[in-house]
Amino acid sequence: MQVKDFEKQYRKKFIDTFAYTYQEGSKVEQLAILAEMVKSIINENWIATNQRYQANQDKQVFYFSMEFLPGRMLKSNLLNLGILQDVEKGLKELGLDLEDLAKAEVDPALGNGGLGRLASCFMDSIASTGIAGNGNGIRYRYGLFKQKFVDGYQVELPENWLRNGNIWEVRKENKAVTVRFGGDVQLVPNVGGSFDVVYKDTLNILAVPYDVAQVGYQNGVVNNLRLWSAEIPYGDEERFNLEKEREEIKKITEVLYPDDSNYDGQLLRLKQEYFFSSAGVQSIIRYFKKFDLPWSQFPDKIAIHINDTHPTLCIPELMRILLDEEKLSWDQAWEITKKTVSYTNHTILQEAMERWPQDMVKTLLPRIYQIILEINRRHIAKKIPLYGEELTYRTAIVSQGQIKMANLAIIGSHSINGVAKLHSDILMESTLNDFYIMYPQKFNNKTNGITQRRWLQLANPELTALLDETIGTEWHFNHTELKLFKAYQNNAEVLEKLAVVKRHNKEKFAAYALEKHGVVLSTDALFDVQIKRLHAYKRQLLNALHILHRYLELKEDPTIAYQPRVFIFGAKAAPSYSYAKSIIKFINALATMINNDKDIEDKLKIVFVENYGVSLAELIIPAADVSEQISLAGKEASGTSNMKLMLNGAITVGTLDGANVEIRDYVGTENFMTFGMDNEEVEEFYRNGNYNARHIYETNPRVHRVLNALIDGTVPGANGEGQEIFDSLVTYNDEYFVLKDFESYITTQLEVDALYKDQVKWLQMSLNNIANAGPFSADYTILRYADEIWKIHPYKGDHSL
Ligand code: 26V
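For what it's worth, the numbering used here labels the leading residue of the sequence shown as -3, then goes sequentially.
1) Hey, could you find the ends of the alpha helix (DSSP H) residue 833 is sitting in?
2) Whole angstroms are fine: how far does the CA of residue 106 sit from the CA of residue 562?
3) In chain order, what are the residue ranges of uninterrupted alpha helix (DSSP H) at least 4 long that sit wholly in the region 269 to 342?
4) Three-state secondary structure (DSSP) at residue 255?
5) Within a Cβ cutoff of 8 Å, which residues of the same chain sit near residue 796, ignoring the five residues on either side of it in sequence?
6) Beta strand (DSSP E) containing residue 617: first to last residue?
7) I need the boundaries of the alpha helix (DSSP H) containing residue 58, first residue and last residue.
8) Between the C-alpha atoms of residue 193 and residue 322, what's the straight-line distance to the nearest angstrom?
9) What residues are listed by DSSP as bridge partners for residue 353?
10) Under 7 Å Cβ to Cβ from residue 85, same chain only, skipping five residues before and after it: list those, please.
11) Can we count residue 342 as close to the ligand 26V, meaning its CB is less than 7 Å from some heavy atom?
12) Would you check if the region 530 to 546 and the region 587 to 603 touch, i.e. whether three or more CB-CB distances between them fall below 8 Å?
13) Please report the straight-line C-alpha distance between residue 425 and residue 438, rounded to a whole angstrom.
14) Quick check on DSSP: helix, strand or coil for residue 712?
15) I need the residues with a C-beta less than 6 Å from some heavy atom of the ligand 26V; please give them in chain order.
16) Tell whether a beta-carbon distance below 8 Å holds between residue 581 and residue 714.
17) Give the DSSP-derived three-state secondary structure of residue 626 in the structure shown.
18) At the level of alpha carbons, what is the spacing between residue 416 and residue 295?
19) Using 8 Å as the threshold, is the C-beta distance between residue 133 and residue 61 below it?
20) Distance check for residue 388 and residue 376, CA to CA, integer angstroms please.
21) Take the Cβ of residue 607 as the centre, count every other Cβ of all protein chains shown within 10 Å, and call the residue buried at 16 or more, exposed below.
22) Once you ignore the five residues that flank residue 508 on each side, which residues in its own chain have a CB closer than 7 Å to its CB?
23) Going by Cα to Cα distance, which pick from 148, 620, 116 is closest to residue 806?
24) Taking the continuous beta strand (DSSP E) assigned at residue 385, which residues delimit it?
25) Write down every uninterrupted run of the alpha helix (DSSP H) in the region 506 to 566 whose length is 4 residues or greater and which is fully enclosed by it, in chain order.
26) Could you tell me how far apart the beta carbons of residue 655 and residue 443 are, in whole angstroms, since I believe they sit closer than 8 Å?
27) Alpha carbon to alpha carbon, how far is residue 756 from residue 748? Give it in angstroms, no decimals.
28) Between the C-alpha atoms of residue 867 and residue 221, what's the straight-line distance to the nearest angstrom?
29) Taking the alpha-carbon positions, what's the residue 532 to residue 624 distance?
30) Among 414, 349, 459, 227, which one has its Cα closest to the Cα of residue 246?
31) Nearest to residue 64 by alpha carbon, out of 257, 491, 223, 781?
32) Along the beta strand (DSSP E) that carries residue 167, what are the first and last residues, could you check?
33) Based on DSSP bridge pairs, tell me the residues matched to residue 262.
34) Excluding the 5 residues preceding and the 5 following residue 786 in the sequence, name in chain order all residues of the same chain whose CB lies nearer than 6 Å to its CB.
35) For residue 119 versus residue 259, is the C-beta spacing smaller than 8 Å?
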């Protein structure tokens, strides 16, 4: 479209819609009209993509995820359509600023953290690599809570993200399906010698899909993300005149569970899981039936991927439909189901492993319950002769009154993967070893990835421009091409430009910190970043203790030549996770003390941003010098902020955990700051029970001093929290070994200081991190999923947009 046409259309569309001129409109309205115009381009490609899939009967993958964290979509859609610059120009002519309009969009927080963001990076990569793929999830009425700090404490406010509607969604009422809950189920023998399944007194809920286009990167592909909303069935309004029943239905898709650390057996959560699993599977079945193919070909046309165990009920739901509605035999249905479904594990934390009380499943989903029991019975009967009772019973789905979702996911699928090499190894050798013995061929690794389009091209336009002028633009399509940048590590001019880019990004963050938090930051300081959910295993506390240590040192001897640093935190704590909230309060109290201490000046500053999410990540990551990846080895399945920060030139201070290990392998030990115990050492401590935190407290003078400062009133306003943290670390012998890694951590941080003082060396390290980040593109991750798990071939695209 010509810029002139764009302007004309924009003016007209605005008036047609609002009956006043765009200059009189609000930013939200101005954005809405732009989005309408973008959608009309997208929709054409959307239809064409669908027609192609149907005509070719392409195999499609359906990525089931309880969470998606897409971030704002305007700029990413424009970038992927290849019209970002043109639209920016056109808007400028109209006197509008693209950045302003982009910011008027809400950032949908339909997820908790890494798992949800991964799902969205994957959606972008699935479309961009030309894979026929769809997302399937829940349209939560309220997303993850909005975080506020009141006197340093986290306060949670509802996130009404749909207040102004959602410009990108299309409600597809004609694609709605019914999901049944509760009631009684009877198997009635029929004349054919099998049985009919008769339901009585079920609560029927209408699942209405809202589709969101997923635009591929300049390849003409538009895939679908389908989010389901629970509604009262048409014609059933009579039945639902009871306020209570209406409320019950509405509640199903009302809120996202704000907890990614503890599994807390909520009936409502089980309803959510079945709701979107069933709705998704039903719509897949309907799609498949259009082709009129034999059921045996179902796995040749459909792959169902379950993102963690939350959508595991897909397995018995697919069985139910094949058995009860399509009248397949058990063996046929089971073969099809296993061949269709694959599963990714995202955590080894026992408290996050889903287990449902047997009675709850029986009451809520009587038919699904019967099917799970039968899957379990057959599994046990088949495996005992091969593996003996002990091992087999350890793999049971139903045990001690509980239903173990991971066990069901493994038994009912053909592939189980971890999300980084180390994590997959731990799954095979320890957490899921019993299953690995039974099904070694099912296990594989798929190291996570991130989309360079959002995390570099959009978040860091200045670095993008520098890369483009230095190594060309092929890397936009093939991210390993970033390695060409390595050739410039001794080029003084490029290094200088890299420094300027970083400084500009730091200025942008500094402006935000000043406006939002009233903190003045010097861009001469090193920006040290830890952004992730707050959890004891991620050890934000280790970071905080290091800051406190530096503070105490500087108070004692102001002449110490520490590199001035800004410590940036972004983290939400689950509302029920009181220890995590205490850590937030403690860090905020530390910030208040340090930021206002005249003796300290610019040597130390702390910014704990409020309401961390995708949009803030886009601002913080390009400004980072240091990436804190300091979880206890063996606990962080992968991490993905580590990849985003590396891509933007931050140097990792990290343990050998999750994908850190692979990052270090690619970037080289000389460009990665390793510290702390490795997984083997941690395991050894767990085995021999030798960890003695009190001993470290009593014998290490630095630990002693910093821990005393927690309880002697040094940090005003955090006495209670200080004591709680002290107790958790010392009295209760902290299971995440913070004190054990403390010494190694502060030594490494001193090395970081020294390296940063040698700016040329530092910039070379930074450049090497950028140049080696290509392999962590989600495009490659997705191509491996497609090739090795889903057996789907990418469409090469037509570039003819
Ligand atoms: C568990 C639960 C339990 C019930 C309430 C809601 C809820 C939501 C999520 C979870 C599981 C969280 C697992 C998770 O987010 N894992 C993270 O996955 C990332 C992507 O693979 C990975 O990079 C992180 O290391 C891993 O912690």
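Just so you know, even glycine gets a beta-carbon here, dropped at the ideal spot from N, CA and C.
According to the structure data:
1) In the structure displayed, the chain extends from -3 to 797; residue 833 sits before or after that span and is not available.
2) Along the sequence shown, read from residue 1 onward, the residue named residue 562 stands at position 566. Along the sequence shown, read from residue 1 onward, the residue named residue 106 stands at position 110. Near 30 Å, if we compare the C-alpha coordinates of residue 106 and residue 562.
3) 294 to 297, 310 to 316, 326 to 336
4) Position 259 of the sequence shown holds residue 255. Here residue 255 sits in coil by DSSP.
5) Your numbering for residue 796 matches position 800 in the sequence shown. For residue 796, the predicted model reports a pLDDT of 37, less than 50, meaning its position is unreliable; a value from the coordinates is still stated below. Within the same chain, residue 796 has close Cβ partners 216.
6) What you label residue 617 is simply residue 621 of the sequence shown in a count that begins at 1. Segment: none, residue 617 is in no beta strand (DSSP E) and carries neither H nor E.
7) Taking the sequence shown and counting its residues from 1, one reaches residue 58 at position 62. Unbroken run through residue 58 is the beta strand (DSSP E), 56 to 60; no alpha helix (DSSP H).
8) If you number the sequence shown from 1, residue 193 lands on position 197. If you number the sequence shown from 1, residue 322 lands on position 326. Approximately 12 Å, taken between the alpha carbons.
9) Numbered from its first residue, the sequence shown carries residue 353 at position 357. Per DSSP, 398.
10) Numbered from 1 along the sequence shown, position 89 holds the residue referred to as residue 85. Only -1 meet the Cβ criterion.
11) Here the question's residue 342 lines up with position 346 in the sequence shown. Yes - the ligand 26V has a heavy atom lying nearer than 7 Å to the Cβ of residue 342.
12) yes
13) Here residue 425 corresponds to residue number 429 of the sequence shown, with the count starting at 1. Here residue 438 corresponds to residue number 442 of the sequence shown, with the count starting at 1. Looking at the two C-alpha atoms, the distance is approximately 14 Å.
14) For the purposes of this step, residue 712 is identified with residue 716 of the sequence shown, where counting begins at 1. It is coil, neither helix nor strand.
15) 108, 109, 110, 111, 114, 253, 255, 256, 259, 304, 342, 343, 348, 415, 444, 632, 633, 634, 635, 636, 654
16) For the purposes of this step, residue 581 is identified with residue 585 of the sequence shown, where counting begins at 1. For the purposes of this step, residue 714 is identified with residue 718 of the sequence shown, where counting begins at 1. Yes, the pair counts as a contact, with Cβ atoms nearer than the cut-off.
17) On the sequence shown, position 630 is the one that residue 626 refers to. Residue 626 falls in the coil class under three-state DSSP.
18) Counting from 1 along the sequence shown, the entry for residue 416 is found at position 420. Counting from 1 along the sequence shown, the entry for residue 295 is found at position 299. When rounded, the distance between both Cα atoms is 27 Å.
19) Sequence index remark: in the sequence shown, residue 133 carries index 137 (1-based). Sequence index remark: in the sequence shown, residue 61 carries index 65 (1-based). For residue 133 and residue 61, yes; Cβs fall inside 8 Å.
20) Counting from one through the sequence shown, the residue named residue 376 turns up at place 380. Counting from one through the sequence shown, the residue named residue 388 turns up at place 392. Spanning the two alpha carbons is a distance of roughly 6 Å.
21) Your numbering for residue 607 matches position 611 in the sequence shown. Buried, because 16 or more other Cβ atoms sit within 10 Å of the Cβ of residue 607.
22) Stepping through the sequence shown from its first residue, residue 508 is reached at position 512. Correct list, in chain order: 615.
23) Only positions -3 to 797 of the chain appear in the structure, and residue 806 is not among them; the question remains open.
24) The residue given as residue 385 occupies position 389 in the sequence shown. Boundaries around residue 385 are those of the alpha helix (DSSP H), 362 to 390, since no beta strand (DSSP E) includes it.
25) 536 to 552
26) Translated into positions along the sequence shown, residue 655 becomes position 659. Translated into positions along the sequence shown, residue 443 becomes position 447. Yes, they are in contact, since the Cβ atoms of residue 655 and residue 443 sit about 6 Å apart, within 8 Å.
27) Here residue 748 refers to the residue found at position 752 when the sequence shown is read from its first residue. Here residue 756 refers to the residue found at position 760 when the sequence shown is read from its first residue. Each residue's Cα considered, the two are about 14 Å apart.
28) In the structure as shown, the chain begins at -3 and stops at 797. Residue 867 is therefore absent and cannot be evaluated.
29) Numbered from its first residue, the sequence shown carries residue 532 at position 536. Numbered from its first residue, the sequence shown carries residue 624 at position 628. Rounded to whole angstroms, residue 532 to residue 624 spans 14 Å at the Cα level.
30) Here residue 246 is taken as the residue at index 250 of the sequence shown, counted from 1. For residue 246, the closest of 414, 349, 459, 227 by C-alpha to C-alpha distance is 227.
31) For the purposes of this step, residue 64 is identified with residue 68 of the sequence shown, where counting begins at 1. Closest by alpha carbon: 223.
32) If you number the sequence shown from 1, residue 167 lands on position 171. It spans 165 to 167 - the beta strand (DSSP E) in which residue 167 sits, taken as one unbroken run.
33) The residue given as residue 262 occupies position 266 in the sequence shown. For residue 262, which the question treats as bridged, DSSP gives no partner whatsoever.
34) Numbered from 1 along the sequence shown, position 790 holds the residue referred to as residue 786. The answer, listed in chain order, is 57, 299.
35) Locating residue 119 in the sequence shown gives position 123, counting from the first residue. Locating residue 259 in the sequence shown gives position 263, counting from the first residue. No, the pair does not count as a contact, with Cβ atoms beyond the cut-off.
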